[in-house]
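**Q** Below are the structure tokens for one structure; questions will follow.
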Amino acid sequence: MKLYYPQTGITVLCKLFGKTRHAWYDNQWRQRETFLKDEIIIQLVLEIRNQLLRIAARKLMFMLKPKLALHGLRTGRDYLFDLLAKHKLLIRTRKITTTNSRHWMHKYKPVPYQKRISFGDLSFILRSSFAHETVFLNGGGSSKK
Numbered sequence: 040m041k042l043y044y045p046q047t048g049i050t051v052l053c054k055l056f057g058k059t060r061h062a063w064y065d066n067q068w069r070q071r072e073t074f075l076k077d078e079i080i081i082q083l084v085l086e087i088r089n090q091l092l093r094i095a096a097r098k099l100m101f102m103l104k105p106k107l108a109l110h111g112l113r114t115g116r117d118y119l120f121d122l123l124a125k126h127k128l129l130i131r132t133r134k135i136t137t138t139n140s141r142h143w144m145h146k147y148k149p150v151p152y153q154k155r156i157s158f159g160d161l162s163f164i165l166r167s168s169f170a171h172e173t174v175f176l177n178g179g180g181s182s183k184k
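If you read the sequence shown in our numbering, its first letter stands for residue 40, the second for the next number, and so on.
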């Protein structure tokens with residue numbers, strides 16, 4: 040409001056909202072302290088992230104505690120998460136894709152369970168200088184219905 044009405048005093052504007060001048064100044068001091076605290080935390084986070092690029096917020100919290108104690112600051116987990124989210128410093132989890140189903144090649148329909156062939160045993164028989172391979176197949180599928 041003071042920006043829009045620079046000629047009007049703080050006392051008059053505070054009385055319009057039912058507040059005292061001290062409440063207005065208290066709010067100004069609190070905003071300044073919060074801004075400085077946030078800046079110190081962000082600078083420390085960026086300093087750590089220069090060395091360890093994708094370190095998560097919980098581990099950052101653990102690493103920041105001694106450094107914040109030097110400045111006489113304390114912060115909680117939720118405050119740190121909100122601050123990192125506000126400055127877009129949270130690490131997003133990477134989406135891992137294992138199969139590309141949108142390729143240009145022909146895609147076969149899945150085979151129903153009753154028509155699948157199940158393979159049984161693969162064994163080797165060693166005799167003198169030859170190795171024989173024996174495969175036992177169960178071509179009937181499963182007995183489940």
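Note that CB positions come from ideal geometry on N, CA and C, so glycine has one too.
For Met100 and Ile87, which I take to be in contact (beta-carbon distance under 8 Å), what is that distance rounded to the nearest angstrom?
**A** Contact doesn't hold; Cβ gap of about 11 Å is too wide.
**Q** Check the C-beta distance from Cys53 over to Thr59 and give it rounded, since I have them as a contact under 8 Å.
**A** Sure, about 6 Å apart at Cβ, within 8 Å.
**Q** For the stretch 79–166, which segments carrying the alpha helix (DSSP H) assignment without a break, of at least 4 residues, lie completely within its bounds, in sequence order?
**A** If we require 4 residues or more, the alpha helix (DSSP H) runs fully inside the stretch 79–166 come out as 96–110, 116–125.
**Q** Taking only the alpha-carbon atoms, compute the straight-line gap between Leu75 and Lys146 and give it to the nearest angstrom.
**A** Each residue's alpha carbon lies about 59 Å from the other.
**Q** Buried or exposed: where does Lys183 fall if 16 or more other Cβ atoms within 10 Å of its Cβ makes it buried?
**A** No answer about Lys183 holds up, because its pLDDT of 47 lies below 50 and its placement is not dependable.
**Q** Taking only the alpha-carbon atoms, compute the straight-line gap between Leu122 and Val150 and give it to the nearest angstrom.
**A** If I take the Cα positions, the gap works out to 51 Å.
**Q** Got a sec? Which residues, its chain only, sit under 7 Å from Lys106 by beta carbon, not counting five neighbours each side?
**A** If we look at Lys106 and ignore the five residues flanking it on each side, its Cβ neighbours are Leu83.
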